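Start counting the sequence shown at -8; every next residue gets the next number (my numbering).
Glycine residues also receive a C-beta, built at the ideal position from the N, C-alpha and C atoms.
For clarity, every value in this text was computed on a predicted model and none was experimentally measured.
Notes for the one structure printed next.
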Amino acid sequence: VNFMAPLLSLQEIDGRIRELQQEIRDIPTRKGMEKGRLSDTTERLESAKAKYQGMQAKIADLDTSIALQNERIRKFRQQQLSLRTNEEFRAMGQQIQSAEKEVERLELEQLTLQEGLDPMKEDMESIRAKLAEELEGVDATLNELEERMVQAEEMLGKLKKERIEAEKAVSKQFLQYYIRVKKSRWPVAVPLQDGSVCGGCHLVQPPSSLRMLEHNTVPVTCQMCGRMLYLDS
Ligand SMILES: [Zn+2]
């Protein structure tokens, strides 16, 4: 491993850099998912609110209808005073009675609706409380993610500095090869497994490769994937 050691150190740093970069890339998605959690409850709250407000509007409409009927009754009574015949008086009396019945009916309907209002309000409040609770949880997670982002970026900065030093220790020829293969394969340097298999693509290597690796003087690459092989001692 000796002559591979600087390259393996570089690869180790690059591995950590890749992980951090991946994490940094994923954080916005994770934030979005976290916020998305709230949308279910928000929707439920909106629909409960709409139901409640709809009911309130119906009750208010009934108020208007009741007021209209009462106004009619008041006018009928006034008119009744000016009527001449008993027959006309009785007819107006019937109109008044039927308007009064209508008022009763409307008031009863309104009462029934009002009784339904409280459970609706309770339902709405409990969803609102749940949403507040969820919001708190989501806020906490979002803060954690922010913090993690800052840490990851800080660490990434440090590693990039370390990387510059680590790269200097690797021979130019190795480095060029490593950088080229890194574009399509990761990791670039892999241990030979079970004495003969590439640790990356699992191709069985020829015996000559093992012999060269045992001499530990020249780089040996996999014929299939091009990864650099080393003996994991
Ligand atoms: Zn391979």
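Own chain partners of residue i with C-beta closer than 6 Å, once the 5 adjacent residues on each side are dropped
i	result
I4	L150, E153, R154 and A157
A90	Q60, R63 and I64
T212	M219
M(-5)	Y221
Cβ-based burial, residue i [other Cβ within 10 Å; buried from 16]
i	result
A296	Any question about residue 296 goes unanswered here, given that the chain covers just -8 to 224.
R218	buried
R24	Checking the sequence, you will find Met at residue 24 rather than Arg. By the neighbour-count rule (16 or more Cβ atoms within 10 Å), M24 is not buried but exposed.
V209	exposed
P178	buried
V141	exposed
L183	buried
Q2	buried
Q85	exposed
A123	exposed
Q196	buried
A120	exposed
L36	buried
N99	According to the sequence shown, residue 99 is Leu rather than Asn. By the neighbour-count rule (16 or more Cβ atoms within 10 Å), L99 is not buried but exposed.
Residues of its chain near residue i, where Cβ-Cβ distance is below 7 Å and the 5 sequence neighbours each way are ignored
i	result
K112	Y43
V129	E25, K26, R28 and L29
M146	L11
K49	L104
Spatial neighbours of residue i in its chain, beta-carbon cut-off 8 Å, leaving aside the 5 residues before and after
i	result
M83	F67, Q70, Q71 and L74
M215	C189, C192 and L194
E14	R139 and A143
E205	L222
K173	D5 and V179
F80	Q71 and L74
S0	A157 and A160
L108	Y43, M46, Q47 and I50
Y169	L(-2), L1, Q2, V161, V179, A180 and M219
T32	I118, K121, L122 and E125
Simplified DSSP state of residue i, which is helix, strand or coil
i	result
T32	helix
L222	coil
V209	coil
Q105	helix
A160	coil
V129	helix
L99	helix
P178	coil
L136	helix
L201	helix
L183	strand
Check: residue i C-beta below 7 Å from any heavy atom of ligand 1
i	result
G191	yes
L222	no
R218	yes
M(-5)	no
L194	yes
M24	no
M215	yes
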